[in-house]
Amino acid sequence: KIPPLYIITPTYKRPEQLAEITRLGYTLKHVPNLLWLVIEDSNSLSDLVKTRLKDIGVPYVHLSAPMPEKFKKSKNKPRGVSNRNKGLKWVRTNAVDGVLYFADDDNTYDIQIFEQMRYTKKVSMWPVGLVTKLGISSPIVINNTITGFYDGWVGGRKYPVDMAGFAVSVQFLKQRPKAEMPYRTGYEEDGFLKSLDPLKLTEIEPLASMCTKVLTWHTQAKKNPVAEPLNMTKYGTTNLV
Ligand code: UDP
Ligand code: MN
């Protein structure tokens with residue numbers, strides 16, 4: 119039997135939300151033995167998201183985890199952190215093996231990456247396209263081993279990687295009960311990966327043909343202007359279909 123994949127997707131209410139969830143959901147529909155953890159940054163579950171998840175037909179768990187109030191006011195919020203930590207907690211409690219991956223709702227995923235990450239022993243990494251002005255963020259691989267990172271913004275990070283560029287073994291995670299994502303904008307990936315200590319750079323498995331191929335992209339939807347106060351019933355149903 120193939121190992122299960124646990125895909126943690128943070129999402130939040132905005133005009134583009136159902137479009138993002140729909141596109142990602144139909145990508146994930148091509149992937150066998152996958153559980154999609156869709157976690158809303160809200161106090162309650164959205165009926166529109168719930169209905170869409172049922173309609174798409176990918177096995178899912180629908181949860182909510184609001185961003186703590188103290189971060190909501192800041193200009194550069196730690197986006198999706200409460201959601202991902204809730205997902206981590208769910209995986210620790212409910213999963214026994216397989217692999218965990220953080221898939222933001224707006225990114226683009228070639229389904230090949232899911233089959234490659236499925237056999238991650240500890241942590242695997244690969245390039246992500248459309249990150250910063252450089253256009254790519256990638257591990258640097260020499261002799262089949264990750265020796266460093268190429269990224270447009272290093273910022274003193276040990277792991278200058280994008281959220282879409284790594285996966286973690288569930289057993290490896292469960293052996294590290296304190297591992298979680300910090301509420302620190304720009305340092306979410308780095309903080310989480312550091313919290314997986316002990317982990318050696320040489321133990322990280324380079325995927326996507328030794329990091330020579332781009333199979334994931336940090337795409338971002340153009341913000342759509344809204345003429346009226348936001349009403350998700352409209353954006354999900356009446357207006358845009
Ligand atoms: N997100 C969230 N709450 C927010 C903003 C974003 O849950 O207030 C989610 C969003 O749906 C996405 C992830 O967090 O899955 C990263 O957010 P975004 O794509 O806006 O960040 P960026 O791509 O600009 O780094
Ligand atoms: Mn994004």
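One rule links them: number in my numbering = place in the sequence shown (from 1) + 118.
C-beta: ideal position from N, C-alpha, C; glycine also.
Within 10 Å of its beta-carbon, does G309 have 16 or more other beta-carbons around it, so buried, or fewer, so exposed? buried
Any chance the stretch 277 to 293 sits against the stretch 232 to 251, with 3 or more Cβ pairs inside 8 Å? yes
Identify the residues that DSSP records as bridge partners of E323: which are they? S242
Between V332 and the rest of its own chain, which residues show a CB-CB distance below 6 Å, the 5 nearest in sequence each way excluded? P245 and G247
For the stretch 255 to 267 against the stretch 322 to 337, are there 3 or more C-beta pairs whose distance is under 8 Å? yes
What's the call for D173, buried or exposed, on a 16-neighbour Cβ count within 10 Å? exposed
Three-way DSSP call (helix, strand, coil) for Y227 in this model: strand
Do you know offhand how far I254's Cα is from L181's? 32 Å
If you reduce the DSSP assignment to three classes, tell me which class V249 lands in. coil
Apart from the five residues just before and just after D228, which ones in its own chain have a Cβ nearer than 6 Å to its Cβ? L333
Report the three-state DSSP secondary structure of A120 (helix, strand or coil). At residue 120 the sequence reads Ile, which differs from the Ala that was named. Coil at I120, not helix or strand.
Given H148 as reference, the closest of G175, D165, G205 and R132 once Cα atoms are compared: G175
8 Å Cβ shell around R170 - same chain, five flanking residues per side excluded: L136, I139, T140, G143 and G354
Any 3 or more C-beta pairs closer than 8 Å across the stretch 203 to 211 and the stretch 283 to 294: yes
Can the beta-carbon of G362 be found closer than 8 Å to that of L123? Summary: the structure shown does not reach residue 362, with the chain confined to residues 119 through 359, and so no result is reported for it.
Taking its Cβ as the centre, do 16 or more other Cβ atoms sit within 10 Å of L358, making it buried, or is it exposed? Note that L358 has pLDDT 43, beneath the 50 cutoff, so the model's placement of it is unreliable and the number below is only indicative. It is exposed - the Cβ of L358 has fewer than 16 other Cβ atoms within 10 Å.
Quick check: does the Cβ of D222 come within less than 7 Å of any heavy atom belonging to the ligand MN? yes
Distance, K251 Cα to T356 Cα: Residue placement at T356 cannot be trusted, given a pLDDT of 45 that sits under 50; the coordinates are not used to answer.
Is H336 near the ligand UDP, with its Cβ less than 7 Å from a heavy atom? yes
Any idea what DSSP makes of V199, helix, strand or coil? helix
Is T211 closer than 8 Å to V286 when the C-beta atoms are compared? no
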